[in-house]
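In the working numbering, the protein residues as written are 872 to 1070.
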Amino acid sequence: MSDKERWEERYRTGNTPWDIGRPDFNLVDMVTKRPIPACKALEIGCGAGSNAVWLARQNFQVTATDLSALAIQKAGEEASDAGVDCTFLVADFLNDEVPGAPFGFVFDRGCFHSFDSDEERKQLAENVGRHLEKDGLWLSLVGSTDGPPREVGPPQRSARDIVIAVEPYFEVLSLDSSYFDADGPEPPRNWVCLMRKRH
Ligand SMILES: C[S@@+](CC[C@H](N)C(=O)[O-])C[C@H]1O[C@@H](n2cnc3c(N)ncnc32)[C@H](O)[C@@H]1O
């Protein structure tokens, strides 16, 4: 089964524990408290669209992409129900160019961390850089190796895994230890990594 088929299958069968139907508080906090001003934004691996819809509600002009056509269909329905305007596109962000660049802000929750090798994560980081304007920002929520041992849940990456992949293309502005917004009693730990494109 290809990666695309695997992700499609998860959306088709509803095996999407990351989909909490609301924006992740880590995104909300960063955008509202730093703050990150409204601009042209790109979300990669947007899933069913809750974060993209929230950004659009904050007046960002949002383009959101996912490898899964079913996820993109669900995201379109969510935006339409919310009465907001977003552009949703099926794209493989490891390889594809997304129309609308350059963007001022890129967001991903669980897309970067889904790649197992340094090479793929570097390739993704380079592609994020290509889509950003000068000094553009990337906020990535990445599953962490910290926290109690667990058998299931998001992929676990170390701070070192992140830095190895992003440092050639990005300055790391902050790397905070947090946890994913989730409904269960022990939300998985994550990294909240804010980066600025290198000149
Ligand atoms: C853990 S899910 C998170 C979805 C969404 N960000 C959320 O928080 O609800 C990871 C998402 O990345 C998408 N994805 C995986 N590989 C991708 C790729 N190469 N290009 C674009 N999206 C990809 C998957 O289809 C999936 O929707």
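For each residue, glycine too, the CB sits at the ideal point set by N, CA and C.
Which same chain residues, not among the five before or five after residue i, have their C-beta less than 6 Å away from its C-beta?
i	result
residue 897	1012, 1049, 1063
residue 917	923, 935, 937, 946
residue 1000	1040, 1068
residue 889	981
residue 1051	1058, 1059, 1061
residue 1007	975, 1068
residue 978	914, 1010
residue 962	936, 969
Rounded C-beta distance between residue i and residue j? I'm assuming under 8 Å.
i	j	result
residue 960	residue 883	So it is not a contact: roughly 20 Å between Cβ atoms.
residue 1066	residue 1034	With 8 Å as the limit, residue 1066 and residue 1034 do not qualify as a contact, their Cβ atoms being about 10 Å apart.
residue 970	residue 1004	Not a contact, Cβ separation roughly 15 Å.
residue 930	residue 909	4 Å
residue 965	residue 994	6 Å
Which residue wins for smallest C-alpha separation from residue i, given the options the options?
i	options	result
residue 939	1057, 1069, 1066, 885	885
residue 1018	1060, 933, 903, 983	1060
residue 1037	1007, 1023, 1046, 996	996
residue 948	932, 926, 920	920
residue 951	928, 966, 992	928
residue 900	926, 1021, 966, 880	926
residue 1046	932, 1024, 1010	1010
residue 943	1002, 958, 968, 932	958
residue 1032	1053, 998, 990	990
Provide the residue span of the beta strand (DSSP E) that contains residue i, from first to last.
i	result
residue 1048	1041-1050
residue 932	932-937
residue 1063	1060-1068
residue 961	957-961
Counting along the chain, where does the alpha helix (DSSP H) carrying residue i start and finish?
i	result
residue 925	921-928
residue 903	896-904
residue 991	989-1002
residue 880	874-884
residue 1083	Given that the chain is displayed from residue 872 to residue 1070, the structure contains no residue 1083 and the question cannot be resolved.
residue 941	940-953
residue 1032	1030-1037
Taking 7 Å as the limit between beta carbons, can you name the residues of its chain near residue i, skipping five residues before and five after?
i	result
residue 1027	1014, 1015, 1016
residue 881	887
residue 1030	1046, 1062
Looking at the strands, I want to know which residues DSSP matches up with residue i.
i	result
residue 1018	According to DSSP, which records beta bridges pairwise, residue 1018 is partnered with nothing at all.
residue 912	933, 976
residue 889	Paired residues: none, contrary to the question.
residue 1013	1062
Beta-carbon within less than 8 Å of residue i's beta-carbon, same chain only, minus the 5 sequence neighbours each way: which residues are those?
i	result
residue 1025	889, 981, 984, 1014, 1051, 1059, 1061
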